[in-house]
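Count the sequence shown with my numbering and you get residues 107 to 394, in order.
Note that the Cβ used here is the ideal one computed from N, Cα and C, for glycine as well.
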Amino acid sequence: MTLKEYKTLIDARLAEYFCADGMPQAGLFEAMRYSLNAGGKRIRPILVLEFCRITGGDCDKALPAACAVEMLHTYSLIHDDLPCMDNDDLRRGKPTNHVVYGECTATLAGDALQAEAFGTILRSELPAEARAECARILADAVGADGMCGGQFLDMIGENKELTAYELDEINSRKTGALLIAACTMGVAAANGNEKQTEAASQFGAAIGAAFQIRDDMLDVISTSEQLGKPIGSDEQEHKNTYMALYGADRCMKMIEKLTEQAKSVLNEAFDDTEFLCELADSMVTRMG
Numbered sequence: 107m108t109l110k111e112y113k114t115l116i117d118a119r120l121a122e123y124f125c126a127d128g129m130p131q132a133g134l135f136e137a138m139r140y141s142l143n144a145g146g147k148r149i150r151p152i153l154v155l156e157f158c159r160i161t162g163g164d165c166d167k168a169l170p171a172a173c174a175v176e177m178l179h180t181y182s183l184i185h186d187d188l189p190c191m192d193n194d195d196l197r198r199g200k201p202t203n204h205v206v207y208g209e210c211t212a213t214l215a216g217d218a219l220q221a222e223a224f225g226t227i228l229r230s231e232l233p234a235e236a237r238a239e240c241a242r243i244l245a246d247a248v249g250a251d252g253m254c255g256g257q258f259l260d261m262i263g264e265n266k267e268l269t270a271y272e273l274d275e276i277n278s279r280k281t282g283a284l285l286i287a288a289c290t291m292g293v294a295a296a297n298g299n300e301k302q303t304e305a306a307s308q309f310g311a312a313i314g315a316a317f318q319i320r321d322d323m324l325d326v327i328s329t330s331e332q333l334g335k336p337i338g339s340d341e342q343e344h345k346n347t348y349m350a351l352y353g354a355d356r357c358m359k360m361i362e363k364l365t366e367q368a369k370s371v372l373n374e375a376f377d378d379t380e381f382l383c384e385l386a387d388s389m390v391t392r393m394g
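Printed below as a string of structure tokens:
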């Protein structure tokens with residue numbers, strides 16, 4: 107499949123979830139759907155499906171697991187945008203969830219998406235062992251050692267000058283953990299071997315680091331229209347970023363090195379890697 111075909115497939119399946127007109131909690135489902143179907147590149151679910159494919163698995167059966175990763179990602183965005191966190195009013199070119207539905211509903215929409223992500227995996231047609239492993243991987247990615255832990259470290263690091271190591275620790279959890287999970291879930295869905303799992307994990311870690319560095323750059327060099335959210339907020343809020351720490355030239359060199367590293371580990375464990383190599387390149391040259 108092409109990138110566009112993957113995205114179309116994922117968008118169509120995501121649009122089928124949480125249709126609950128007429129139910130007492132229809133307003134909650136509406137808030138969940140609002141953010142889940144607000145667009146986005148769908149990189150994480152695409153990684154699930156492509157790693158499943160190159161490991162020899164059934165992508166149709168892995169599609170719910172891919173959608174679950176996007177639900178988890180969407181939950182994190184809703185909560186990140188809340189006034190008590192980043193207090194952002196724009197996401198993917200649209201008003202953020204709490205701006206439209208209020209803080210309470212937005213918080214519950216995020217909570218519900220997190221829970222539904224695991225239910226979606228466990229109700230899928232993957233073999234029982236693969237379902238359990240995918241759920242475990244996702245739980246590890248979102249918990250105190252994953253995204254939540256990264257967000258906490260980010261919060262307590264505000265108004266402090268962090269070291270490169272501390273910044274890496276934050277971003278490996280906030281950004282890298284879910285990308286690693288997406289890659290390794292694809293392998294798990296196809297019952298891949300240890301070598302393939304390790305290669306997928308290393309690929310996810312490398313592109314996660316490169317993706318975050320690029321994200322920090324875009325807050326300076328991109329536009330609100332290209333990003334779909336306000337720019338310049340990192341500097342205004344004195345956030346610790348790779349741009350502030352290293353500058354644009356060194357950031358670009360780091361991105362190039364990480365991208366080559368990601369592609370190299372793939373080729374050691376898989377045969378058909380052209381799509382993922384091109385995807386890695388596109389992720390770190392993006393302007394939005």
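Short Cβ contact (8 Å threshold) for Cys-240 with Ala-311: Remark: C-beta atoms of Cys-240 and Ala-311 do not approach each other more closely than 8 Å.
Measure the beta-carbon distance from Met-177 to Leu-219 and round it to whole angstroms, keeping in mind my assumption that it falls under 8 Å. The beta-carbon separation of Met-177 and Leu-219, rounded to 5 Å, stays under the 8 Å limit for a contact.
Quick check: what's the CA-CA separation for Ala-174 versus Phe-224? When rounded, the distance between both Cα atoms is 7 Å.
Test item: CB-CB of Asp-187 and Thr-202 under 8 Å: Yes.
Is Thr-180 close to chain D? Criterion is C-beta to C-beta, closer than 8 Å. In the structure shown, chain D cannot be found, because there is only a single protein chain.
Reference Ala-375, options Gly-145, Met-138, Thr-290, Arg-139, closest by Cα: If we check each option's Cα against that of Ala-375, Thr-290 comes out closest.
CA-to-CA distance, Glu-275 to Cys-254, given in whole angstroms: About 12 Å.
Where Pro-130 sits in the DSSP three-state scheme: Residue state, collapsed to three classes: coil.
Give every residue of the same chain whose Cβ lies closer than 8 Å to the Cβ of Ala-305, excluding the five residues on either side of it in the sequence, and list them in chain order. Cβ neighbours of Ala-305 beyond the five flanking positions: Val-371, Leu-372, Glu-374, Ala-375, Phe-376.
Indicate whether Ile-319 and Tyr-348 have their beta-carbon atoms separated by less than 8 Å. Yes, they are a contact pair.
Can you tell me the Cα-Cα spacing of Met-107 and Ala-368, whole angstroms? Going by the C-alpha atoms only, they are around 21 Å apart.
Beta-carbon contacts of Phe-135 that lie in its chain and below 6 Å, excluding the five residues immediately before and after: When the five nearest sequence neighbours on each side are left out, the beta carbons in the same chain lying within less than 6 Å of the beta carbon of Phe-135 are those of Phe-124, Ala-126, in order along the chain.
Assuming Glu-362 is part of the alpha helix (DSSP H), what are its boundary residues? For Glu-362, the uninterrupted alpha helix (DSSP H) run begins and ends at 354-375, by DSSP.
Can the beta-carbon of Ala-144 be found less than 8 Å from the beta-carbon of Ala-212? No. Outside cutoff.
Whole runs of the beta strand (DSSP E) within the segment 198-237, excluding any shorter than 3 residues: Correct list: empty.
Hey, which unbroken runs of the alpha helix (DSSP H) at 4 residues or more fall wholly within the segment 275-311? Listed in chain order, the complete alpha helix (DSSP H) runs (minimum 4 residues) inside the segment 275-311 are 283-295.
What's the C-alpha gap between Asp-195 and Asn-346? Answer to the nearest angstrom: the Cα atoms are 21 Å apart.
Compare the beta carbon distance of Gly-292 and Val-154 with 8 Å and say whether it is the shorter of the two. A distance below 8 Å separates the beta carbons of Gly-292 and Val-154.
Assuming contact is defined by CB atoms lying nearer than 8 Å, are Leu-232 and Ala-287 in contact in what I supplied? Inclusion of Leu-232 and Ala-287 in the CB contact set at 8 Å is not warranted, their separation being larger than that value.
Of the listed residues Cys-383, Asp-387, Asp-378, nearest to Met-358 (C-alpha basis): Of the candidates Cys-383, Asp-387, Asp-378, the one whose C-alpha sits nearest the C-alpha of Met-358 is Asp-387.
In the DSSP assignment, the alpha helix (DSSP H) including Ala-386 goes from what residue to what residue? Per DSSP, the continuous alpha helix (DSSP H) segment holding Ala-386 begins and ends at 380-389.
Would you grab the beta carbon distance between Leu-284 and His-179 for me? Rounded to a whole angstrom, and I think it's under 8 Å. The beta-carbon distance between Leu-284 and His-179, rounded to whole angstroms, is 6 Å. This is short enough to meet the 8 Å contact definition.
Does the distance from the C-beta atom of Glu-272 to that of Gly-263 stay below 8 Å? It is a contact, given that the beta carbons lie within the stated cut-off.
Could you tell me the boundaries of the alpha helix (DSSP H) in which Ala-171 lies? Bounds of the alpha helix (DSSP H) holding Ala-171 are 165-187.
Which partner residues does Leu-120 have in the DSSP bridge list? The partner list for Leu-120 (beta bridge, DSSP) is empty, contrary to what the question assumes.
Determine the burial state of Thr-391: buried for a count of at least 16 other Cβ atoms within 10 Å of its Cβ, exposed for fewer. Exposed is the call here.
Classify Leu-196 as helix, strand or coil using the three-state DSSP reduction. Looking at Leu-196 - three-state DSSP - the assignment turns out to be strand.
Excluding the 5 residues flanking Arg-119 on each side, which residues of the same chain have their C-beta closer than 7 Å to its C-beta? The residues Leu-169, Cys-173, in chain order, have a CB closer than 7 Å to that of Arg-119 in the same chain once the five nearest residues on each side in sequence are set aside.
Would you mind reading off the limits of the alpha helix (DSSP H) that contains Asp-251? Taken as a continuous stretch (DSSP letters only), Asp-251 belongs to no alpha helix (DSSP H), as it is neither H nor E.
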